[in-house]
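**Q** Residue numbers (this note's numbering): 184 to 619.
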């Protein structure tokens, strides 16, 4: 009976969220915006995944995330439902306030300003990011050696400094800037841009370096999201609703995750091993956000509230040698105990992050901040040209918004999501208010 109540409530929240998603798309002239990326993440991780876990047998019940979803009590679920409804209502209300239709023409996109800032960002990220990444690669002895350490480096238990010098290991932070270069450089490859031939070369080289970087340091999720950034604008030329097609293809392609897992293990030198399984078996990989919100009160019982410290220390942690405790550590400790760095960490989704800071007030705060940011972002995105190159830029914002919803730590935002922050800064610089 309790499962029926849980599934019914989740379906109601799912239907409301889907209705709001279509409503937001209509508000944005029937186009997908950054808010749509956030809403889709909400639908997928907080509604669809727990419904599937509850309804389908054959899911790996020993997985800690799945076990939480299947064994949580009614009181825990009620608290989660309250948190989800509060977040959704406040987020959408704030977004609507800052993305009013009558205010949608207050921003004008200046292509001249974009070209100016894009040239600066392209060259600087290519030189700093690419140069740092080359130093990082050479420290390991080449690309093949770096890739052979891929699984090792992605473990929380180890860092590059255990293989190479400390100076070389910290190059991985500025090296991440290379992921920004292709997204911005593609807009400079047209014949109208001066020295477009040089930017085309930079674009091609940066694409290759970004793929290698993601394979070595970020894993399959970043590889897939990076492919979507360039793939969705291509699909728009063929399909009327490319995002829907991408979702359908994604659902039927879940077993590819197993192939990617095997591939990453293979390039680490541990041999090829692949066992085909059904799509439902991959649910544990998507279950941690909902498991987090079910456990958020228990995590706070262990660590206490963080009282907003991460909004400051998360930014300071980007400085080499500065190591304040990240907000993700209490969550990781809750799941993995003292050995969590060996067994693997668990990111904080946006709702759990807000709750760890100020409880339900923190959930409201994160919803307000997200609503303000995405409301303004979508107003600007609507003014940007719809050519393929610029659609890559706007798609990167949408995809990275989706990714941020399930990895919302401040340190992750300022240290790992340069593509999101720097591309958004370029858009902010290039858009001006319409004086009329």
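Ideal Cβ placement from N, Cα and C applies to all residues, glycine included. Computed from a prediction, not measured in an experiment: that's the story for all the values here.
What's the C-alpha gap between residue 537 and residue 573?
**A** Looking at the two C-alpha atoms, the distance is approximately 33 Å.
**Q** Counting along the chain, where does the beta strand (DSSP E) carrying residue 290 start and finish?
**A** 290-292 is the extent of the beta strand (DSSP E) around residue 290.
**Q** If I measure Cβ to Cβ from residue 406 and keep anything under 8 Å in the same chain, skipping five residues before and after, which residues do I get?
**A** 394, 397, 398, 443.
**Q** Quick one: what's residue 614 bridged to in DSSP?
**A** 292, per the DSSP bridge assignment.
**Q** Check whether the stretch 557-569 touches the stretch 501-514, taking contact to mean three or more Cβ pairs, one atom from each stretch, closer than 8 Å.
**A** At 8 Å Cβ cutoff, the stretches do not touch.
**Q** Go to residue 328, then tell me how far its alpha helix (DSSP H) extends in each direction, as first and last residue.
**A** 326-331 is the span of the alpha helix (DSSP H), which, as asked, contains residue 328.
**Q** For residue 374, count neighbouring C-beta atoms within 10 Å of its own C-beta (all shown protein chains included) and say buried if the count is 16 or more, exposed if not.
**A** Under this definition residue 374 is an exposed residue.
**Q** In whole angstroms, what is the alpha-carbon distance linking residue 368 and residue 385?
**A** If you take the alpha carbons of residue 368 and residue 385, they lie about 7 Å apart.
**Q** By DSSP, does residue 224 sit in helix, in strand, or in coil?
**A** Reduced to three states, the DSSP call for residue 224 is helix.
**Q** Measuring alpha carbon to alpha carbon, tell me which of 530, 584, 533, 361 ends up nearest residue 312.
**A** Nearest C-alpha to residue 312: 361.
**Q** Which of the three DSSP states is assigned to residue 505 in this structure?
**A** Looking at residue 505 - three-state DSSP - the assignment turns out to be coil, as it is neither helix nor strand.
**Q** Ignoring anything shorter than 4 residues, give me the alpha helix (DSSP H) runs that lie fully in the stretch 480-545, in order along the chain.
**A** As far as the stretch 480-545 is concerned, its whole alpha helix (DSSP H) runs of at least 4 residues are 493-499, 511-519, 523-526, 533-541.
**Q** According to DSSP, simplified to helix, strand and coil, what is residue 340?
**A** With a pLDDT of only 47 at residue 340, under the threshold of 50, the placement of this residue in the model should not be trusted; the figure read from the coordinates follows. The answer is coil: DSSP assigns residue 340 none of H, G, I, E or B.
**Q** Taking residue 282 as the reference, give the member of 585, 554, 606, 357 with the closest Cα.
**A** Here the closest residue by C-alpha is 554.
**Q** For residue 551 versus residue 266, is the C-beta spacing smaller than 8 Å?
**A** Not in contact: residue 551 and residue 266 (Cβ atoms no closer than 8 Å).
**Q** Determine the closest residue to residue 608 out of 220, 314, 568, 300, with distance taken between C-alpha atoms.
**A** Of the candidates 220, 314, 568, 300, the one whose C-alpha sits nearest the C-alpha of residue 608 is 300.
**Q** Any contact of the stretch 226-238 with the stretch 566-583, i.e. 3+ C-beta pairs under 8 Å?
**A** No, the stretch 226-238 is not in contact with the stretch 566-583.
**Q** Tell me which residue opens and which closes the alpha helix (DSSP H) that residue 203 is part of.
**A** Residue 203 -> alpha helix (DSSP H) spans 185-210.
**Q** Using only the alpha-carbon positions, how far apart do residue 482 and residue 539 sit?
**A** Straight-line Cα distance between these residues: approximately 8 Å.
**Q** Could you check if residue 531 is buried or exposed, using at least 16 other CB atoms within 10 Å of its CB as the buried criterion?
**A** Classification of residue 531: buried, given that the 10 Å Cβ count is 16 or more.
**Q** Would residue 536 pass as an interface residue toward chain D - the criterion being a Cβ-Cβ separation below 8 Å?
**A** Among the chains of the structure shown, chain D does not appear; only one protein chain is present.
**Q** Using the rule of at least 16 other Cβ atoms within 10 Å of the residue's Cβ for burial, across every protein chain shown, is residue 569 buried or exposed?
**A** Under this definition residue 569 is an exposed residue.
**Q** Consult DSSP for residue 279 and reduce its assignment to one of helix, strand or coil.
**A** It is helical.
**Q** Considering just the uninterrupted stretch of the alpha helix (DSSP H) at residue 238, what are its terminal residues?
**A** Its alpha helix (DSSP H) spans residues 232-238.
**Q** Have a look at residue 567 and residue 257 and give me their C-alpha separation to the nearest angstrom.
**A** If I take the Cα positions, the gap works out to 47 Å.
**Q** Would you report the Cα separation of residue 302 and residue 425, rounded to the nearest angstrom?
**A** Roughly 30 Å between the two C-alpha positions.
**Q** Between residue 603 and the rest of its own chain, which residues show a CB-CB distance below 6 Å, the 5 nearest in sequence each way excluded?
**A** Excluding sequence neighbours, residue 603 sits near 583.
**Q** Quick one, which of 500, 259, 308 has its alpha-carbon nearest residue 606's?
**A** Looking at the Cα atoms, 308 is the closest of the given residues.
**Q** Check this for me: beta carbons of residue 510 and residue 493, under 8 Å apart or not?
**A** Yes, the pair counts as a contact, with Cβ atoms nearer than the cut-off.
**Q** Please go through the same chain and pick out, in chain order, the residues whose beta-carbon is closer than 6 Å to the beta-carbon of residue 564, but skip the five residues on each side of it.
**A** Closer than 6 Å at Cβ, skipping near neighbours: 216, 577.
**Q** Just to confirm, are residue 246 and residue 467 a CB contact at a threshold of 8 Å?
**A** Cβ distance < 8 Å, so residue 246 and residue 467 count as in contact.
**Q** Can you tell which of 419, 203, 480 has the C-alpha that lies nearest to the C-alpha of residue 259?
**A** Residue 259 has its Cα closest to that of 480, out of 419, 203, 480.
**Q** Measuring alpha carbon to alpha carbon, tell me which of 324, 366, 270 ends up nearest residue 610.
**A** Among 324, 366, 270, the Cα nearest to that of residue 610 is on 366.
**Q** Give the straight-line distance between the Cα atoms of residue 317 and residue 392, rounded to the nearest whole angstrom.
**A** Between residue 317 and residue 392, the C-alpha separation is close to 9 Å.
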